[in-house]
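Numbering (full-length UniProt numbering), first residue to last: 1 to 833.
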């Protein structure tokens, strides 16, 4: 193997090269070349199988003595190497070919290659160089700077910048697809700067120039040799995106029959009159008489004409002045009819180079991309009666598929004698796809680089291979997720399906009623999140959350209906770039026949008894006495007798314990009312109340109301057995009993009346009065009125300070709860004390 080192950038000294085994050095060197001779199983050669071949692979490594560039792009400091392979097929001779590859091989542990070009196309997203049967395909990622790279074709004459115009004249198709992040270059085997060896081996050299954000240029040299895998037909027509190309065998006669017989007859007379030994060109069928021009004149008009070892090549961009648009079976076809001629001795040699290309852009029906072309492109056929279609094949990205593979990939070909319609699933294998988020909606589009080939013969018996390359693009396709509430009420679990998502979308987080969970966190918490795959390469997710989970909102809507609700915010990410979007869903479940706790109540001689039979949903409510939840601690503190098990709650409330309201108090009886309430455990809204009002016989009592009224029934006979009831008063002598009988008196008065005393400390306010017995005692001289300690009873109402409002502001008494009352007889001091 002999190779040149001058292709490296910057050039490398031949003495600085080796094979993978650094001890394998070139046998001899000159200023620019290095020869290597080695046995295929030595010098670090790697061996692999590839289809029906055994491949031996080694590399010519150029060693440099400087530090690597720090940028992550390809630079002139990149380590350049040549990959050398020998293929040994079973039935063919060994062949050797050389690919050029630039890689950012690691100078330190952990670095990785940026570009991979070892032996044909690599995965999408990387650098690709591929030989097809009629052109070279180069695909590179768009630089992170967003600045378009550009190519220069390289030959012995130097560097040639490939612009759009230059590309259409010279057989290069350059396209940039920013949304796909790719740059493509297709080079015809007959492109201007390809090294053509006998129309069978074609060598391409390019320089790829990229610019980073700082404006620094980086250059990569690309070289690729392609061998012809499909023999040339006598006539080949290629319809590229930006040009039309036709090549014919040099000895192919000009057809002199068919629809253009008259035009050709006229052309022949012109050719005979102006033919010289140099080539000349004339265009037919544009509505004017043929006019001969030199090849230089044609080139100045944008036409390309060349002769290779065995073929004549003509190329033109679309829309040239000599082209015409013809409607063939309802489809627009651009036609150009050049004829070249020259005089050879006594003969005038004419070569017909007619080219015709369908201009149809294709269509999309929601599932497939379709493209239509005439079955018989009349300008290419010299005689319709002799037309015979031999083969129609389709493919993508330059590769044609056999019939069964095309069917397996979903292609359909509907052909009759008028048209051929090709349909390709938009997500077919080989299609380019781009997904992104716009306005919180997932969008995607697909690009199919369709290749259509039709091989036919006509009256002349000459075979024509007609290739048309057309990009078919879907409009922007938006994907709107949908949710399905699959909840089964009896399971008491929210089950929600969300889908369908393309293969590159992953669920990353969920938010349940404001509580955020990553998927691992949610699963660890006990939520079920299951990915559901489908056969069309989409998937969905099923999320399960129990009704009774703390994140679920519960609300008692109205009598008998309990509603569970769950708002779910799905965070979805397009992988691998992590572009996120969101989908919201809300689900509710209504459970009927759900009622708050309802107590039954019974009056007893000593108080009121309440009973509650437990139900499934009792936990939704709190049972309260006033504003305090009923607990065992509260019951013990207030003197209630409570028993609670899994079936029943019973509560016995003795008379005169906290919580009673007393009404209609007389010396004979009074009514006591006790209320048990049920309230929502979260909102604390009262939803149910059970109040029981019972009559009780009156003996003695004291009631301190919330409105500031003290009611006292006292048996005064216990204090003064023979007291005159008519002389019993409070401290204010005008305050006399409302009722009395033989032993008892009933007083009802406001706390700020009847001489009531007020005592205040940090915790309590005490209202105190006295039931006074005025006793007239006889003596030897005259009666004496006396007030001994034993002749009075002290009555008190005590209220917590924090429970009394505006006591000293407007003298209006309002308490949050009834006060605690007491009736006391003063202690009589013992004699001698």
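Beta carbons are placed, not taken as given, at the ideal position from N, Cα and C, and that holds for glycine. Quantities reported herein were computed from a predicted structural model and do not represent experimental measurements.
May I have the straight-line CA-CA distance separating residue 131 from residue 442, to the nearest angstrom? By 1-based counting over the chain shown, the position of residue 131 is 131. By 1-based counting over the chain shown, the position of residue 442 is 442. When rounded, the distance between both Cα atoms is 35 angstroms.
CA-to-CA distance, residue 635 to residue 629, given in whole angstroms: Start at 1 with the first residue of the chain shown, and residue 629 comes out as number 629. Start at 1 with the first residue of the chain shown, and residue 635 comes out as number 635. Roughly 10 angstroms between the two C-alpha positions.
So what does DSSP say about residue 141, is it helix, strand or coil? Stepping through the chain shown from its first residue, residue 141 is reached at position 141. Looking at residue 141 - three-state DSSP - the assignment turns out to be strand.
Could you pull the DSSP bridge partners for residue 611 from this structure? Your numbering for residue 611 matches position 611 in the chain shown. Paired residues: 600, 650.
Straight-line Cα distance separating residue 473 from residue 451: Within the chain shown, residue 451 is the residue found at index 451, counting from 1. Within the chain shown, residue 473 is the residue found at index 473, counting from 1. Cα-Cα distance, rounded: 14 angstroms.
Take residue 415 as the anchor and find which of 408, 423, 672 has the nearest alpha-carbon. Against the chain shown, residue 415 aligns to sequence position 415. Nearest C-alpha to residue 415: 423.
Check each candidate in 228, 319, 349, 221 and name the one with the smallest Cα separation from residue 280. As a working mapping, residue 280 is identified with position 280 in the chain shown. Closest by alpha carbon: 349.
Where residue 727 falls: helix, strand or coil (DSSP): To locate residue 727, count along the chain shown from 1; it is residue 727. Reduced to three states, the DSSP call for residue 727 is helix.
Hey, could you find the ends of the beta strand (DSSP E) residue 668 is sitting in? Start at 1 with the first residue of the chain shown, and residue 668 comes out as number 668. Per DSSP, residue 668 belongs to no beta strand (DSSP E) and is neither H nor E.
First and last residue of the alpha helix (DSSP H) that includes residue 408? Along the chain shown, one-based indexing puts residue 408 at 408. 403-408 is the span of the alpha helix (DSSP H), which, as asked, contains residue 408.
Name the residue from 689, 411, 385 whose alpha carbon lies nearest to the alpha carbon of residue 367. Position 367 of the chain shown, counted from the start, is the residue given in the question as residue 367. Between residue 367 and the set 689, 411, 385, the nearest pair of CA atoms involves 411.
Going by the beta-carbon positions, is the gap between residue 662 and residue 652 smaller than 8 angstroms? The residue you call residue 662 lines up with position 662 of the chain shown. The residue you call residue 652 lines up with position 652 of the chain shown. Against a cut-off of 8 angstroms, the Cβ pair of residue 652 and residue 662 comes out as no contact.
Return the CA-CA distance between residue 1 and residue 29, expressed in angstroms with no decimal places. Within the chain shown, residue 1 is the residue found at index 1, counting from 1. Within the chain shown, residue 29 is the residue found at index 29, counting from 1. In a straight line, the C-alpha of residue 1 is about 12 angstroms away from that of residue 29.
Hey, out of 467, 460, 552, whose CA is closest to residue 453's CA? Position 453 of the chain shown, counted from the first residue, corresponds to residue 453. Looking at the Cα atoms, 467 is the closest of the given residues.
If I follow the unbroken beta strand (DSSP E) through residue 160, where does it start and stop? For the purposes of this step, residue 160 is identified with residue 160 of the chain shown, where counting begins at 1. Start and end: 158-161.
Identity of the residues DSSP links to residue 589 by a beta bridge: The count along the chain shown starts at 1 and reaches residue 589 at position 589. When DSSP reads this structure, residue 589 sits in a beta bridge with 564.
Taking Cβ positions, are residue 469 and residue 239 nearer each other than 8 angstroms? Here the question's residue 469 lines up with position 469 in the chain shown. Here the question's residue 239 lines up with position 239 in the chain shown. Contact flag set, yes.
In whole angstroms, what is the alpha-carbon distance linking residue 154 and residue 204? If you number the chain shown from 1, residue 154 lands on position 154. If you number the chain shown from 1, residue 204 lands on position 204. Cα-Cα distance, rounded: 8 angstroms.
Residues in the same chain with beta-carbon distance under 7 angstroms from residue 593, minus the five sequence neighbours each way, listed in chain order, please. Translated into the one-based positions of the chain shown, residue 593 becomes position 593. These residues qualify, in order along the chain: 560.
Neighbourhood of residue 325 by C-beta, 8 angstroms cutoff - its chain only, sequence neighbours within 5 removed: Numbered from 1 along the chain shown, position 325 holds the residue referred to as residue 325. Cβ within range, chain order: 332, 333, 334, 335, 359.
Pull up the CB-CB distance for residue 353 and residue 246, whole angstroms please, since I reckon it's below 8 angstroms. Translated into positions along the chain shown, residue 353 becomes position 353. Translated into positions along the chain shown, residue 246 becomes position 246. Between residue 353 and residue 246 a beta carbon distance of about 5 angstroms is seen, short of the 8 angstroms cut, so the two are scored as contacting.
Report yes if the CB atom of residue 530 is closer than 8 angstroms to the CB atom of residue 538, and no otherwise. Residue mapping note: residue 530 aligns to position 530 of the chain shown, counting from 1. Residue mapping note: residue 538 aligns to position 538 of the chain shown, counting from 1. Not in contact: residue 530 and residue 538 (Cβ atoms no closer than 8 angstroms).
For residue 15, which residues from the same chain have a beta carbon less than 7 angstroms from its beta carbon, with the 5 sequence-adjacent residues on both sides left out? As a working note, residue 15 is residue 15 in the chain shown. Residues 29 of the same chain have their beta carbon placed closer than 7 angstroms to that of residue 15, with the five preceding and five following residues left out of the count.
Applying the criterion that 16 or more other CB atoms from any shown protein chain within 10 Å of the CB defines a buried residue, is residue 824 buried or exposed? Within the chain shown, the letter at position 824 stands for residue 824. Its Cβ having fewer than 16 others within 10 Å, residue 824 is exposed.
Going by alpha carbons, who is nearest to residue 752 out of 767, 157, 138? For the purposes of this step, residue 752 is taken as residue 752 along the chain shown, with counting starting at 1. Ranking 767, 157, 138 by CA distance to the CA of residue 752 puts 767 first.
Is residue 692 buried or exposed, if buried means 16 or more other CB atoms sit within 10 Å of its CB? Taking the chain shown and counting its residues from 1, the one referred to as residue 692 is at position 692. Of the other Cβ atoms in all chains shown, 16 or more fall within 10 Å of the Cβ of residue 692; this residue is therefore buried.
Helix, strand or coil: how does DSSP classify residue 757 here? Position 757 of the chain shown, counted from the start, is the residue given in the question as residue 757. The answer is strand: DSSP assigns residue 757 an E or B state.
Which ranges does the beta strand (DSSP E) cover as unbroken runs of at least 3 residues, wholly within the stretch 424-469, from first to last along the chain? Entirely contained in the stretch 424-469, the beta strand (DSSP E) runs reaching 3 residues are, in chain order, 432-438, 441-457.
Looking at the unbroken alpha helix (DSSP H) that takes in residue 637, where does it start and where does it end? Within the chain shown, numbered from 1, the residue matching residue 637 stands at position 637. From DSSP, the alpha helix (DSSP H) with residue 637 extends over 632-638.
What are the start and end residues of the alpha helix (DSSP H) that includes residue 536? To locate residue 536, count along the chain shown from 1; it is residue 536. Run containing residue 536: none; DSSP gives neither H nor E here.
Since residue 580 sits in a beta bridge, which residues does DSSP pair it with? Working through the chain shown from its first residue, we reach residue 580 at position 580. DSSP output for residue 580 lists 573 as bridge partner(s).
Quick one: residues in its chain with C-beta nearer than 8 angstroms to the C-beta of residue 647, no 5 flanking neighbours on either side, listed in chain order? One-based indexing of the chain shown puts residue 647 at position 647. 613, 614.
Own chain residues within Cβ distance below 6 angstroms of residue 503, not counting five before or after: Stepping through the chain shown from its first residue, residue 503 is reached at position 503. Around residue 503: 537.
From the DSSP secondary-structure annotation, give me the bridge partner or partners of residue 224. In the chain shown, residue 224 corresponds to position 224, counting from 1. Answer by DSSP bridge pairing, in chain order: 204.
Boundaries of the beta strand (DSSP E) in which residue 315 is found, first to last residue: Counted from its first residue, the chain shown places residue 315 at position 315. Run containing residue 315: 311-317, per the beta strand (DSSP E) assignment.
Is residue 379 closer than 8 angstroms to residue 337 when the C-beta atoms are compared? Counting from one through the chain shown, the residue named residue 337 turns up at place 337. Counting from one through the chain shown, the residue named residue 379 turns up at place 379. For residue 337 and residue 379, yes; Cβs fall inside 8 angstroms.
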